[in-house]
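I have placed the structure first, in the form of structure tokens, so that the comments after it can refer back to it.
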Amino acid sequence: MKGYSTKQIIDPWFKMPDDYDELVKVYRTLAKSADQRLVRLESYQHDKNFAPATKWAYARAMHDIESWSGSEASRFNAAPPASKVDLLSKIQDIKHFIESPTSTKKGIIDVYQRRANTINKKYGTKLTWKDLAQYFDSAANDKLDKQFGSKTAIKVYSALKKNQSEILKDIEEKKDLHVKVSDEVLQDTINDYINKHPKEVQQILKSS
Numbered sequence: 002m003k004g005y006s007t008k009q010i011i012d013p014w015f016k017m018p019d020d021y022d023e024l025v026k027v028y029r030t031l032a033k034s035a036d037q038r039l040v041r042l043e044s045y046q047h048d049k050n051f052a053p054a055t056k057w058a059y060a061r062a063m064h065d066i067e068s069w070s071g072s073e074a075s076r077f078n079a080a081p082p083a084s085k086v087d088l089l090s091k092i093q094d095i096k097h098f099i100e101s102p103t104s105t106k107k108g109i110i111d112v113y114q115r116r117a118n119t120i121n122k123k124y125g126t127k128l129t130w131k132d133l134a135q136y137f138d139s140a141a142n143d144k145l146d147k148q149f150g151s152k153t154a155i156k157v158y159s160a161l162k163k164n165q166s167e168i169l170k171d172i173e174e175k176k177d178l179h180v181k182v183s184d185e186v187l188q189d190t191i192n193d194y195i196n197k198h199p200k201e202v203q204q205i206l207k208s209s
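When we follow this note's numbering, the leftmost residue of the sequence shown carries the number 2, and every step to the right adds one.
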């Protein structure tokens, strides 16, 4: 009886076997690959650049695992469903996770990079994918958005990140804070904010 590779199974031209025992082989192969990705995603969450790793595809996978195996389960690779219809359904759930861009580290980077490219083009900022990842998973997102609205918030954050070391140093030394940007109105807005709320600015920069 032949075996299967994950690459072979996720190929759009792959034809699922009709035989139940062969489907179990497909299931085991995919479940093993998916569980390895889950383990890697769990390890990435300790890196501040990848803290959202357990959102997106991972969160959907956990929901699917719970629906198949109960709330105590944390992996796909469990006893296969007895019904062929259910087995095919679970295979599709696993396949969907593996094909999701955010099931891998590279996929997560690509998602943030595309968002960074869009934001930089739209607002004239120079945020890296890491800046953006940290922004959306830190206190900065809520605090700045509430203070300025989303459009100005991302510009303020970009200026703060660009001048992060100088700002943090001046806050520690209790100096007047002054950031230079090409837009004078934005510059006044930023400088007014950081001088009125130095502790909040410090928290935002240290958390991201």
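Every residue gets a Cβ at the ideal spot worked out from N, C-alpha and C, and that includes glycine.
Predicted, not measured: the structure shown is a model, and the values here were computed from it.
With 16 other Cβ atoms within 10 Å as the buried cut-off, status of Asp132
Counting Cβ neighbours within 10 Å, Asp132 comes out buried, since at least 16 surround it.
To the nearest angstrom, how far is it from the Cα of His1 to the Cα of Ser90?
The structure shown does not extend to residue 1, since the chain is modelled only from 2 through 209, so no value can be given for it.
Distance, Tyr5 Cα to Asp111 Cα
Asp111 and Tyr5: Cα-Cα distance of roughly 29 Å.
Going by C-alpha to C-alpha distance, which of Leu169, Ala154, Ile172 and Thr126 sits closest to Ser183?
Nearest Cα to Ser183 within the set Leu169, Ala154, Ile172 and Thr126: Thr126.
Lys1: which of Glu100, Phe137, Gln9 and Lys152 sits nearest, CA to CA?
Nothing can be reported for residue 1: it is not among the residues displayed for the chain, which extend from 2 to 209.
Could you check if Met2 is buried or exposed, using at least 16 other CB atoms within 10 Å of its CB as the buried criterion?
With a pLDDT of only 47 at Met2, under the threshold of 50, the placement of this residue in the model should not be trusted; the figure read from the coordinates follows. That one is exposed.
Excluding the 5 residues preceding and the 5 following Leu128 in the sequence, name in chain order all residues of the same chain whose CB lies nearer than 8 Å to its CB.
So the list reads Ala117, Ile120, Asn121, Tyr136, Ile155, Tyr158, Ser159 and Lys162, once near-sequence residues are dropped.
Roughly how many whole angstroms lie between the Cα atoms of Glu167 and Asp193?
Our two residues, Glu167 and Asp193, have alpha carbons roughly 16 Å apart in a direct line.
Residue nearest to Pro53 in terms of C-alpha spacing, selected from Ala83, Glu174 and Thr105:
The shortest CA-to-CA distance from Pro53 to any of Ala83, Glu174 and Thr105 is the one to Thr105.
What is the rounded straight-line gap between the Cα of Val86 and the Cα of Lys144?
Going from the Cα of Val86 to the Cα of Lys144 covers about 48 Å.
Hey, how far is the Cα of Ser68 from the Cα of Arg76?
Approximately 12 Å between the Cα atoms of the pair.
Which word fits Phe51, buried or exposed, when buried means at least 16 other C-beta atoms lie within 10 angstroms of its C-beta?
In the assembly as shown, Phe51 is a buried residue. Its beta-carbon has 16 or more other beta-carbons within 10 Å.
Helix, strand or coil, according to DSSP, for Asn192 in the structure here?
Note: Asn192 maps to helix in three-state DSSP.
Buried or exposed for Ser34, going by 16 or more other Cβ atoms inside 10 Å?
The residue is buried, with at least 16 neighbouring Cβ atoms inside 10 Å.
Alpha carbon to alpha carbon, how far is Gln9 from Trp130?
In this structure, the CA atom of Gln9 is about 32 Å from the CA atom of Trp130.
Would you report the Cα separation of Leu31 and Ile95, rounded to the nearest angstrom?
Computed Cα separation, rounded: 7 Å.
Check Leu128 in the structure and name its three-state DSSP category.
Three-state DSSP puts Leu128 in coil, outside helix and strand.
Under a Cβ-count criterion, where at least 16 other Cβ atoms within 10 Å of its own Cβ denotes burial, should Pro13 be classed as buried or exposed?
That one is exposed.
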